[in-house]
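What follows is a short report on a single structure.
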Amino acid sequence: MSEPAVSEAPLLEVRDLKMYFDVSKPLVTRLVNRMPRYVLKAVDGLSFAIRRGETFSLVGESGCGKSTVARTVAGLNSATGGEILIEGKNLAGLKRKSSLSDIARRMQMVFQSPYASLDPRWRVRDVIAEPIRAYGLAASKAEERAQVAELLIQVGLSPRDGEKFPHEFSGGQRQRISIARALSSKPEFLICDEPTSALDVSVQAQILNLMTKLQDELGLTYLFISHDLAVIDHVSDWIGVMYLGRICEITPKSELFRNPRHPYTRMLLETIPDLKGGRERKPPEGEVPNPISPPPGCAFHPRCAFASERCRRERPELATFGPARVACHAVEEGRI
Ligand code: SF4
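Sequence positions in the sequence shown follow the working numbering and run 213 to 548.
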């Protein structure tokens, strides 16, 4: 496995993505109370690429901006800056309605809560058939019914389940229905935002196995978002570790678990129990700072055992170390 290269034309490329939110009080309140404007930099200059058929995962603590990346790539947020390219074409440059519709069909999202995509008043067959109708993918009612039945089988349900309503299913089954709906427009690329975090651990494994099986069968490409390294380990080819809106390490999965480089990656790994070695889970040290006023220099420095004076004033940029890219002065200086 090698790092996605430009010549290999990644299916998705994100360049210097920025997503800022103005979280200031209303203008009059600010003027009366002499308050400044506050801008939350939820995503602040993110770049990565995903090759066809691979899974790129973003991991980090709650509030690091990973779900904002997912929603922005899916087109649910308008980026403040940067570019999102599909097969080298900048999405912002696509003007024709047909081109935009084609991208929307090829790129689908699976949400954390299955309720987000399942209308409780609709029978499951209609929930799944809606994208088929919207994109005109079936020539007749009979063909539509056949496609819905096939999708239900593909996700491990029965065609008869199409007659039921979403509330008649368990959480895991509802997530299977969401996946069937996401697949019904015949996409190539799925953006999966914490798709298993609302499920019991045993059900989580079943859904992750299903997603891996579907990827193999259909050649799907995934952008996977999770705070859970065990989930990330299950599905990923490449992993981007996020901290306060930026990537601090991009690495192949095997490297992340065998040879983590960034101090934050190391801290995250210490939070998962080592069942074989008997190591106990260590809670993460310190708290994520307020993203509205992040620390200067390296934003991780208040929690980092390797922080130096340079770390407190100079923000590290990603640089190449072996197969990984890491943003850390201590790694660059050979201190760790
Ligand atoms: Fe720690 Fe400095 Fe590296 Fe930041 S740049 S992770 S503070 S050593």
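Beta carbons are placed, not taken as given, at the ideal position from N, Cα and C, and that holds for glycine.
Remember, it's a predicted structure, so these values are computed and weren't measured experimentally.
- Here the C-alpha atom of residue 542 lies approximately 58 Å from the C-alpha atom of residue 358.
- Taking 7 Å as the cut-off, the C-beta of residue 276 does not count as close to any heavy atom of the ligand SF4.
- Per DSSP, the unbroken beta strand (DSSP E) holding residue 232 starts and ends at 224-234.
- One residue list follows from the rule of a beta carbon closer than 5 Å to any heavy atom of the ligand SF4, given in chain order as 475, 510, 512, 513, 516, 518, 519, 523, 528, 540, 541 and 542.
- Here the segment 378-390 lies against the segment 329-341, with 3 or more beta-carbon pairs under 8 Å apart.
- Of all alpha-carbon atoms in 269, 249, 273 and 366, the one lying nearest the alpha-carbon of residue 468 is that of 269.
- Residue 277 counts as buried, since no fewer than 16 other beta carbons sit within 10 angstroms of its beta carbon.
- For residue 434, the enclosing beta strand (DSSP E) has its first and last residue at 433-438.
- Distance between residue 350 and residue 536, taken at the CA atoms: about 45 Å.
- For residue 417, the enclosing alpha helix (DSSP H) begins and ends at 413-430.
- The segment 220-234 and the segment 273-291 touch, with no fewer than 3 CB-CB distances between them shorter than 8 Å.
- Looking at the DSSP output, residue 401 shares a beta bridge with 319 and 433.
- In this structure, residue 460 lies near residue 540, with their beta-carbon atoms less than 8 Å apart.
- Minimum Cα-Cα distance from residue 399 among the listed residues 498, 314 and 319 corresponds to 319.
- Only residues of its own chain outside the window of five on either side were considered, and among them 475, 542, 547 and 548 have a CB closer than 7 Å to the CB of residue 518, listed in chain order.
- Residue 409 is not a Cβ neighbour of residue 445, given a cutoff of 8 Å.
- Here the segment 373-387 lies against the segment 321-328, with 3 or more beta-carbon pairs under 8 Å apart.
- Taking a cut-off of 8 Å for Cβ pairs, the segment 228-237 and the segment 247-260 touch, as three or more such pairs fall below it.
- Taken atom to atom, the span from the alpha-carbon of residue 380 to that of residue 528 is near 51 Å.
- With a cut-off of 8 Å on Cβ pairs, the segment 286-306 is not in contact with the segment 364-377, counting fewer than three such pairs.
- Counting along the chain, no alpha helix (DSSP H) covers residue 500, and no H or E run does either.
- Here residue 420 really is in contact with residue 447; their C-beta atoms are around 6 Å apart, less than 8 Å.
- Within a 10 Å sphere around the beta-carbon of residue 285 sit 16 or more other beta-carbons, which makes this residue buried.
- Counting of Cβ neighbours within 10 angstroms places residue 426 among the buried residues, the total reaching 16 or more.
- Around the beta carbon of residue 267, 16 or more other beta carbons lie within 10 angstroms, which makes this residue buried.
- Residue 510 and residue 462 have their C-alpha atoms roughly 17 Å apart.
- Scanning the segment 232-258 for uninterrupted alpha helix (DSSP H) segments of 4 residues or longer gives 239-245, listed from N- to C-terminal end.
- DSSP places residue 455 within a strand segment (E or B) once states are collapsed to three.
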